[in-house]
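J.: The numbering used here numbers the first residue of the sequence shown as 7 and each following residue consecutively.
Ideal Cβ positions, reconstructed from N, Cα and C, are used throughout, including at glycine.
Note that this is a predicted model, so its numbers are computed, not measured.
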Amino acid sequence: MNPPIPIKDFSSYLHYFTAMAHQHCGLDGSICIGDSWRIIGKMRGSIRYPAMWLEYPELKHGLGNDGDTVLPEVRCALSIVGGVAKDDWEGQDNRLQECQQIIAQVIARLKRDADLNHFDLGFPITAEPLATVMADDLYGWRIEFTMARHQWNVCFEEEVWVGLDYAGTDYTGIDFDVFENFTIQP
7 MNPPIPIKDF SSYLHYFTAM AHQHCGLDGS ICIGDSWRII GKMRGSIRYP AMWLEYPELK
67 HGLGNDGDTV LPEVRCALSI VGGVAKDDWE GQDNRLQECQ QIIAQVIARL KRDADLNHFD
127 LGFPITAEPL ATVMADDLYG WRIEFTMARH QWNVCFEEEV WVGLDYAGTD YTGIDFDVFE
187 NFTIQP
């Protein structure tokens with residue numbers, strides 16, 4: 007198996023889970039990434055099932071052990087879903103079973119990659135059933151989890167700022183008139 011992809015930023019986060027979808031035999035590379043509107047749009051399109059739905063992450067920023075590095079805790083959510091005819095009760099149960107096995111393997115893969123010291127994985131991870139939540143013919147499981155202490159850290163980069171000296175007090179070239187009517191509401 008290929009080593010896990012280091013998660014350094016949003017792009018590598020997407021790449022990590024895309025690679026995971028391609029590496030799992032049950033998913034065969036079928037993945038949809040985005041917010042709920044994108045996922046709903048793909049549901050009506052050409053997506054193959056079973057599929058991984060990867061939601062955009064939420065980033066909760068904290069400080070690293072050095073006290074200087076901004077280190078986000080990445081809050082993730084993904085689902086494994088499959089299509090079944092609306093009145094096929096046995097097929098729905100079978101699809102839930104199939105998707106449960108895939109999502110259990112996704113959790114195991116996340117744990118394996120975490121154990122290789124690529125990130126900290128927050129446990130417990132609860133899998134919630136998705137049955138007719140978005141469409142009559144889609145069934146599966148959704149998990150939420152956190153990833154932290156990975157390579158997705160942010161250090162201050164002086165070169166991306168204009169008008170700052172090392173103390174951060176040089177406001178040369180900034181037009182403060184634009185803030186004239188700016189107020190902060192309690």
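Would you kindly work out how many angstroms separate the C-alpha atoms of Leu-77 and Ala-133, rounded to a whole number?
T.: One-based indexing of the sequence shown puts residue 77 at position 71. One-based indexing of the sequence shown puts residue 133 at position 127. Computed Cα separation, rounded: 27 Å.
J.: Within this structure, are the beta carbons of Leu-136 and Gly-128 separated by less than 8 Å?
T.: The residue you call residue 136 lines up with position 130 of the sequence shown. The residue you call residue 128 lines up with position 122 of the sequence shown. No. Outside cutoff.
J.: Just how far apart, CA to CA, sit Gly-68 and Ala-154?
T.: The count along the sequence shown starts at 1 and reaches residue 68 at position 62. The count along the sequence shown starts at 1 and reaches residue 154 at position 148. Distance between the alpha carbons of Gly-68 and Ala-154 is about 10 Å.
J.: Cα separation between Phe-23 and Val-80?
T.: Residue 23 sits at position 17 when you count from the first residue of the sequence shown. Residue 80 sits at position 74 when you count from the first residue of the sequence shown. Distance between the alpha carbons of Phe-23 and Val-80: 13 Å.
J.: To the nearest angstrom, how far is the alpha carbon of Pro-63 from that of Ile-149?
T.: As a working mapping, residue 63 is identified with position 57 in the sequence shown. As a working mapping, residue 149 is identified with position 143 in the sequence shown. Rounded to whole angstroms, Pro-63 to Ile-149 spans 12 Å at the Cα level.
J.: Taking buried to mean at least 16 other C-beta atoms within 10 Å of its own C-beta, is Thr-189 buried or exposed?
T.: Indexing the sequence shown from 1 puts residue 189 at position 183. Note that Thr-189 has pLDDT 49, beneath the 50 cutoff, so the model's placement of it is unreliable and the number below is only indicative. Looking at its Cβ environment, which holds fewer than 16 other Cβ atoms inside 10 Å, Thr-189 is exposed.
J.: Just to confirm the assignment, what range does the beta strand (DSSP E) spanning Cys-82 have?
T.: By one-based count along the sequence shown, residue 82 stands at place 76. From DSSP, the beta strand (DSSP E) with Cys-82 extends over 76–89.
J.: I'd like the list of long-range same chain contacts for Ala-91, defined as Cβ closer than 8 Å, with 5 residues on each side in sequence excluded.
T.: Translated into positions along the sequence shown, residue 91 becomes position 85. Excluding sequence neighbours, Ala-91 sits near Gly-97 and Asp-143.
J.: Would you identify the three-state DSSP class for Ile-39, choosing helix, strand or coil?
T.: Counting from 1 along the sequence shown, the entry for residue 39 is found at position 33. Three-state result, Ile-39: strand.
J.: Just to confirm, are Met-58 and Ser-42 a CB contact at a threshold of 8 Å?
T.: As a first step, residue 58 must be located in the sequence shown, where it is residue number 52. As a first step, residue 42 must be located in the sequence shown, where it is residue number 36. No, the pair does not count as a contact, with Cβ atoms beyond the cut-off.
J.: According to DSSP, which residues form a beta bridge with Leu-60?
T.: By 1-based counting over the sequence shown, the position of residue 60 is 54. Its beta-bridge partners are Ile-39 and Leu-84.
J.: Hey, out of Tyr-55, Asn-71 and Leu-116, whose CA is closest to Arg-101's CA?
T.: As a working mapping, residue 101 is identified with position 95 in the sequence shown. When each option's Cα is compared against that of Arg-101, the closest is Tyr-55.
J.: If we ignore side chains and look at the alpha-carbon of each, how far apart do Gln-106 and Arg-118 end up?
T.: Locating residue 106 in the sequence shown gives position 100, where the first residue counts as 1. Locating residue 118 in the sequence shown gives position 112, where the first residue counts as 1. Cα to Cα, the separation comes out at about 18 Å.
J.: Per DSSP, what kind of secondary structure is Asp-126 in: helix, strand or coil?
T.: Mapped onto the sequence shown, residue 126 falls at position 120. Looking at Asp-126 - three-state DSSP - the assignment turns out to be strand.
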